[in-house]
Amino acid sequence: MRNILSTLFAFLLVTLVYGQGKESFIQGGFRYTIDRYGDVYISDARDSVAVPLSEDGTLVIPSSVEYGDTVYHVKMIDSGAFGCMPDIKHVIISEGIEQFGKYSFYRCTKLESIHFPSTFWTFPECNEFLIGCCNLKRITVDERNEDYASPDDCNAIVRKDEKKLIFGCLGTNIPPTVTAIDFGAFGQCEKLESIVIPEGVRVIEPCAFRNCVNLREVSLPNSLEGIGYSVFNGCMSLESVTIPPNVSEIRGHDGFYAVWNLFGGCYNLKEVRVDKRNRTFDSRNNCNALVHTATDVIVAACGASVINKSIRGIGDFAFAHSSVRKIRIPKGVRRIGNGAFWMCEACNDISVDPRNPVYNSKDNSNAIIETATGRLMHGCRLTRIPDNVREIGDSAFYGVRLPSHLIIPEGVETIGTFAFTRFCGLEYVKMPSTLKLIRQNAFGYCEHLCYVDMSLCSPKAEMFAFSGCKRLDMVDFSPNMGDIHQLSFSGCPCEKWVEAHAQQVNGGLSQEGLIMRSNKEQNY
Numbered sequence: 003m004r005n006i007l008s009t010l011f012a013f014l015l016v017t018l019v020y021g022q023g024k025e026s027f028i029q030g031g032f033r034y035t036i037d038r039y040g041d042v043y044i045s046d047a048r049d050s051v052a053v054p055l056s057e058d059g060t061l062v063i064p065s066s067v068e069y070g071d072t073v074y075h076v077k078m079i080d081s082g083a084f085g086c087m088p089d090i091k092h093v094i095i096s097e098g099i100e101q102f103g104k105y106s107f108y109r110c111t112k113l114e115s116i117h118f119p120s121t122f123w124t125f126p127e128c129n130e131f132l133i134g135c136c137n138l139k140r141i142t143v144d145e146r147n148e149d150y151a152s153p154d155d156c157n158a159i160v161r162k163d164e165k166k167l168i169f170g171c172l173g174t175n176i177p178p179t180v181t182a183i184d185f186g187a188f189g190q191c192e193k194l195e196s197i198v199i200p201e202g203v204r205v206i207e208p209c210a211f212r213n214c215v216n217l218r219e220v221s222l223p224n225s226l227e228g229i230g231y232s233v234f235n236g237c238m239s240l241e242s243v244t245i246p247p248n249v250s251e252i253r254g255h256d257g258f259y260a261v262w263n264l265f266g267g268c269y270n271l272k273e274v275r276v277d278k279r280n281r282t283f284d285s286r287n288n289c290n291a292l293v294h295t296a297t298d299v300i301v302a303a304c305g306a307s308v309i310n311k312s313i314r315g316i317g318d319f320a321f322a323h324s325s326v327r328k329i330r331i332p333k334g335v336r337r338i339g340n341g342a343f344w345m346c347e348a349c350n351d352i353s354v355d356p357r358n359p360v361y362n363s364k365d366n367s368n369a370i371i372e373t374a375t376g377r378l379m380h381g382c383r384l385t386r387i388p389d390n391v392r393e394i395g396d397s398a399f400y401g402v403r404l405p406s407h408l409i410i411p412e413g414v415e416t417i418g419t420f421a422f423t424r425f426c427g428l429e430y431v432k433m434p435s436t437l438k439l440i441r442q443n444a445f446g447y448c449e450h451l452c453y454v455d456m457s458l459c460s461p462k463a464e465m466f467a468f469s470g471c472k473r474l475d476m477v478d479f480s481p482n483m484g485d486i487h488q489l490s491f492s493g494c495p496c497e498k499w500v501e502a503h504a505q506q507v508n509g510g511l512s513q514e515g516l517i518m519r520s521n522k523e524q525n526y
């Protein structure tokens with residue numbers, strides 16, 4: 003009987019400690035967490051623990067810890083465990099540790115070297131565990147590791163079976179055995195100024211050099227065959243790029259937040275060349291763009307790119323986040339892709355050849371309008387929305403700085419997704435009587451928006467239509483309030499008032515009453 007009671011007590015104790023989640027303790031300057039399965043990992047301790055550093059800033063991370071009467075094996079360094087710790091200069095990860103969470107050493111800006119043990123076998127997606135370690139010069143991997151290596155003192159982590167460089171740093175020399183560079187491998191290597199990618203590399207995966215803000219020169223090998231989206235996104239110092247002869251694939255992406263083109267944010271990029279031997283792409287007539295030869299479509303462009311007369315299409319996000327100042331659409335262009343000029347904040351001059359049968363820029367409106375549908379596809383800070391527009395298209399004014407007062411003209415029926423998201427300086431919007439639909443995030447995160455006048459219309463407002471407008475405390479609805487999603491005003495001061503009003507829309511409140519109530523109850 004005593005054995006049964008002891009077993010039951012032990013079971014209840016384990017249930018109390020593990021069954022309800024996790025138990026944490028601090029020992030030797032580290033915070034440890036025991037999960038429900040009894041595994042131990044080092045967790046975030048930045049606010050309560052002074053991690054044990056040697057005089058030269060070295061941090062040795064242990065692989066075991068004694069707690070109570072038990073010695074635990076430390077399997078993992080948790081996400082963000084040592085992130086943003088400015089005093090760490092060197093890291094030695096002890097034998098036995100197997101995994102790393104996201105942002106484990108995120109923005110440890112003084113980190114110079116790190117050693118990985120033979121026992122680690124997996125890294126988090128996107129290689130974000132060392133992102134922002136701008137002074138990292140030395141990377142070593144124990145020679146006994148079966149999965150990863152740092153061959154020839156290359157100061158990088160290479161996955162052996164795929165011959166793929168998964169993480170590089172300021173001191174990396176890419177070894178000749180590497181055939182691929184992984185997603186985000188050099189991401190946010192802020193002090194990297196130049197790099198030579200050796201012959202043998204066939205693929206550079208997406209975002210490989212994202213936000214290398216001081217990268218001025220890059221040499222691509224003739225062996226290169228494929229380049230992922232946003233490889234040079236945010237490389238604002240990059241001045242020229244030459245695409246080698248064997249590149250036959252520029253990989254796109256279906257998600258909105260990662261679709262900036264190959265050169266998005268490369269504000270100083272002035273020269274884009276394609277080797278004349280390339281049979282898939284060209285940069286005809288020194289147009290400073292990457293053109294798909296068979297279809298005459300611009301795939302990727304920069305601020306210095308020219309849309310010449312031979313171009314038949316502009317690909318999705320081709321000019322996105324570039325420094326282009328003038329957009330001239332010639333008569334031969336038949337297709338302009340989604341977000342082709344997304345976040346072109348420097349642009350203040352848009353025109354379409356009047357002979358173009360597909361698009362127009364009516365009345366010098368400084369906009370691109372699809373003639374058949376009346377959809378305004380792209381605008382700029384000097385755009386005047388003409389009266390033939392029936393729809394403000396997706397992302398048409400994303401991030402654009404326009405006047406503080408916006409009066410959307412009569413005739414507009416739909417405002418698309420992200421149409422005015424992060425619309426800088428916008429304070430007041432008046433909707434037309436013709437408006438029927440406001441799509442998701444149409445006015446998301448317009449930080450200065452404080453008043454929306456919908457007194458003349460009863461549109462349907464989708465989820466997050468005005469999400470994150472942190473000053474929006476005044477909304478003027480018509481007596482016949484439209485179908486407003488309960489999250490349309492998520493994160494706005496008027497959020498709860500709008501929700502309450504939507505529930506009693508037939509209560510007979512006047513327009514004046516609605517405005518007054520919105521102001522009074524903004525802190526509901």
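Taken in order, the sequence shown gives residues 3 to 526; the numbers are from my numbering.
Backbone N, C-alpha and C define an ideal beta-carbon position, used for all residues, glycine too.
Since we're looking at a predicted model, the values are computed, not measured.
DSSP lists His294 and Gly315 as the beta-bridge partner residues of Val299.
Cβ-Cβ distances below 7 Å link Phe399 to Gly381, Ala421, Phe422 and Phe425 in the same chain, with the five nearest sequence neighbours on each side left out; the list follows chain order.
Trp123 is classed as exposed because its beta carbon has fewer than 16 other beta carbons within 10 Å across all chains shown.
Taking the Cβ atoms as the reference, Leu437 lies roughly 4 Å from Cys459, within the contact range of under 8 Å. Contact between the stretch 280 to 291 and the stretch 239 to 254 is present, with at least three C-beta pairs closer than 8 Å. For Ile99, there is no enclosing beta strand (DSSP E), as DSSP marks it with neither H nor E. Runs of the beta strand (DSSP E) lying entirely within the stretch 115 to 193, each at least 3 residues long, are 115 to 118, 140 to 143, 159 to 161 and 166 to 169 in chain order.
The beta-carbon separation of Tyr231 and Pro208, rounded to 5 Å, stays under the 8 Å limit for a contact. A residue is called buried once 16 or more other Cβ atoms fall within 10 Å of its Cβ, and Glu497 is buried on that count.
Within the model, the alpha-carbon separation for Ala83 versus Lys77 is close to 14 Å. Apart from the 5 residues on each side of it in sequence, Asp46 sits with its Cβ closer than 6 Å to the Cβ of Gly82 and Ala83 in its chain, given in chain order. According to DSSP, residue pairing for Leu61 in a beta bridge involves Leu55 and Val93. In the displayed model, Val500 falls within a helix according to three-state DSSP. 9 Å or more divides the Cβ of Glu219 from the Cβ of Glu192.
Taking the Cβ atoms as the reference, Cys304 lies roughly 12 Å from Arg327, outside the contact range of under 8 Å. By the beta-carbon neighbour count (other beta carbons within 10 angstroms, threshold 16), Phe27 is exposed.
The beta-carbon separation of Gly202 and Thr174, rounded to 15 Å, does not stay under the 8 Å limit for a contact. Taking all protein chains in view, the Cβ of Lys311 is surrounded by fewer than 16 other Cβ atoms within 10 Å, so the residue is classified as exposed. The alpha-carbon separation between Glu100 and Tyr150 amounts to approximately 12 Å.
Rounded to the nearest whole angstrom, the CA to CA distance from Lys472 to Val500 is 14 Å. Each residue's CA atom was taken as its position, placing Arg38 and Glu25 some 8 Å apart. Excluding five sequence positions before and after Gln488, the CB atoms of its chain that fall closer than 6 Å to its own CB belong to Glu501, given in chain order. Residues of the same chain with a CB within less than 8 Å of the CB of Gly493, apart from the 5 flanking positions on each side, are Ser469, Gly470, Cys471 and Lys472 in chain order. Per DSSP, reduced to three states, the secondary structure at Asn235 is coil, with no helix or strand assignment. Ser221 and Val205 have their alpha carbons spaced roughly 14 Å apart.
Membership of Met476 in the beta strand (DSSP E) is indicated by the continuous run Met476 to Phe479.
The Cβ atoms of Gly134 and His92 lie no closer than 9 Å to each other. In this structure, Leu55 keeps its C-beta atom at 9 Å or more from the C-beta atom of Ile95. Following the DSSP letters along the chain, one finds Thr72 inside the beta strand (DSSP E) bounded by residues Thr72 to Ile79.
Burial is judged here by how many other beta carbons sit within 10 angstroms of a residue's own beta carbon; Gly31 has fewer than 16 and is exposed. Taking a contact as a CB-CB distance under 8 Å, the pair Asn137 and Thr111 counts as one, their CB atoms being some 6 Å apart. About 21 Å separates the CB atoms of Val360 and Arg386; that is not less than 8 Å, and the two are not in contact.
Judged by DSSP in its simplified three-state form, Asp389 adopts coil rather than helix or strand.
Of the candidates Tyr34, Gly70 and Asp71, the residue whose Cα lies closest to the Cα of Val53 is Tyr34. Contact check for Val274 and Ala296: beta-carbon distance about 19 Å, past the 8 Å limit, so the pair fails to qualify.
Here the C-alpha atom of Thr375 lies approximately 15 Å from the C-alpha atom of Asn340.
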